[in-house]
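Here is the structure we will look at, set down as structure tokens.
In the working numbering, the protein residues as written are 418 to 670.
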């Protein structure tokens, strides 16, 4: 038995956002949202290290500065070619397995990350990608999105993807070419895929702040505790109920 592969979680984060500029550093119960994401991701037992991948855009110096102050690994790369940004970060960090997370998911759950990573690592025959959200569906709330791929698959996508959508969203080249890659949709039951816990608008941010306030500003609560909170207080879901989710592109036929 060889040594287990090095698993690196890379969190993409930048200040530019069409619907809520600067959101990744927005305050949530006294901490920047990005810090909430990093700290929660760090608790995933299957992950060896966590890094932030931001851009060389001058506006993202604020992201790099936060990482420096907090001692977070941080790589700066291409502003719009996020696939290149991820690939370069993964290569520098010598990742063998890459976990893609985003900086606008302050409720990301280490257990959910671990479930997805284990599904990838334990698959026989081996997978190129395991994810809990794909074009064919999702069963976890929006905001717990976790994608896990081999470095080799990421490198292939980096070399071959030409579609701007595939460059911007990192992994579509893999999950849209099922004839070439082994892909697994990680499901959970019951299905909570209709719930929205990501932060893309002011309403989303208000909801995240309400959830963190309920837990006294702690960040060690689980997604199951958030589910229980929603069940006890139905008014929470109404806060961002009108926000339209920009779903991932349907896989090509």
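For glycine and all other residues, C-beta sits at the position ideal for the given N, C-alpha and C. Being a predicted model, the structure only gives us computed values, none of them experimental.
Taking the C-beta atoms as reference points, residue 427 is found nearer than 8 Å to residue 507. With 16 or more other CB atoms across the displayed protein chains lying within 10 angstroms of its CB, residue 534 is buried. Pairing residue 441 with residue 480 gives a Cβ-Cβ distance under 8 Å. In the assembly as shown, residue 613 is a buried residue. Its beta-carbon has 16 or more other beta-carbons within 10 Å. Around the beta carbon of residue 590, 16 or more other beta carbons lie within 10 angstroms, which makes this residue buried. Excluding sequence positions up to five before and after residue 639, its CB lies within less than 7 Å of the CB of 526, 528, all in the same chain and listed in chain order. In the DSSP assignment, residue 612 is bridged to no other residue. Look at the beta carbons and you see the segment 467 to 476 touching the segment 484 to 502: at least three pairs across the two are nearer than 8 Å. In the three-state scheme derived from DSSP, where H, G and I count as helix and E and B as strand, residue 583 is classed as helix.
Nearest in C-alpha terms to residue 579, of all of 499, 541, 438, 437, is 499. In the three-state reduction of the DSSP assignment, residue 449 falls in the strand class.
When 610, 502, 541, 647 are compared, the shortest CA-CA separation from residue 551 is found for 610. In this chain, residue 529 is not harboured by any beta strand (DSSP E); it is covered by the alpha helix (DSSP H) spanning 527 to 539.
Between residue 646 and residue 662 the beta-carbon gap is near 21 Å, outside 8 Å, which marks them as no contact. In the DSSP assignment, residue 484 falls within the alpha helix (DSSP H) that extends over 478 to 487. Going by C-alpha positions, residue 462 is about 30 Å away from residue 594.
For residue 558 and residue 475, the gap between their C-alpha atoms comes out near 33 Å.
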